[in-house]
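Below is one structure, written out as structure tokens, with a few remarks after it.
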Amino acid sequence: MTTPAVIAHRGFAGVTPENTVAAALAAAEFDETAMLEIDVQPAACGTPVVVHDERLDGTRDGRPLTDASGLVWQTDLETLQTTRVLGTDATIPTLAAFLEAIPETVGVNVELKNPGTTELRFAESLAPDERDDRRGIWEPFVERVVEECRAFDGEILYSSFCEGALAAVREAGPTYPAATLVWDDLEAGLEIARRYDCEAIHPPRNAIAGTALATTPYYGSPEAEPEIDIVAEAHADGRTVNVWTVTNWQQFAQLAEAGVDGIIADYPGLGTVSQTS
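Note that the UniProt record's numbering has the sequence shown beginning at 1, numbered continuously upward.
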């Protein structure tokens, strides 16, 4: 049984307002937190901001995500910076402000969520004649993100569900660590990870063979044992496996027993509880 690294999902979104500086600082206080996972998109001016949803008027368990509305990339930066998250005083930060505020002793998994378009090619392995086009769509935004991350001396890992984003990361610099996020097609995820020689792969929690989670409903994925042992395949390729997203200690324990390297979690302390139960 391994002891997986704990990656705080949006700054432990189960206990703090997600993707905010307040969440990040609270998550960094836990000794177990190896890395913070955040989502980035552009404001109308192109400045990277830290927010998950494409629209500001989403909800979380019936609560408005923010007190604003509209698409993130069509909203001016000043408005975004004063938009309150989940009814708290915390606001949407720029990526630069976020990185400046947090300690460099904790790593940051920067998920490239959207470059400013409704035409995403989500979780697809692209045909050769499509790759340059999708990379070009992502490149301006990825270049802005990479530039702002250079000021942060801690560990950075870029990840995305979109092949075009990973292609743009590799274009920006082959030494930047990257991870492909997997949805429901494990074969496509492995193909993309191999194509860009990604250091890590991030499958969903029900994609891990040999666990009870594999036959448990999660985001509409098939309730069946995976045909591919993605942990074995990735490890054979020399890649790290970080799994999303865990909400309780039983899930954490199952995945630790399966040999994953990292667990993206909504709550702190799940690994500690699983080891003592």
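No residue lacks a Cβ here, since even glycine has one placed at the ideal position from N, Cα and C.
Residues near I230 by beta carbon distance below 8 Å, same chain, minus five either side: V182, L186, G189, L190, I201, P203, A207, I208, A209, V241
Reduced DSSP category for V6 - H, G, I as helix; E, B as strand; rest coil: strand
Chain-order list of residues whose beta-carbon lies under 6 Å from that of F141 (same chain, five-residue window excluded): P42, P115
D184 versus A27, Q251, E124, W249, residue with shortest Cα-Cα distance: E124
Alpha carbon of R121 to alpha carbon of E225, nearest angstrom: 26 Å
Span separating the alpha-carbon of T16 from that of A23: 5 Å
Cβ neighbours of A26 in the same chain (closer than 8 Å, five flanking residues each side left out): G11, F12, V15, T16
Collapsed DSSP secondary structure at F140 in the structure displayed: Residue identity differs from the one stated: residue 140 is Pro in this sequence, not Phe. DSSP places P140 in helix when its eight states are reduced to three.
S69, buried or exposed, once every other Cβ within 10 Å from all chains shown has been counted against 16: exposed
In chain order, each alpha helix (DSSP H) run of at least 4 residues that lies wholly inside the stretch 84–151: 95–101, 128–149
Where W244 sits in the DSSP three-state scheme: strand
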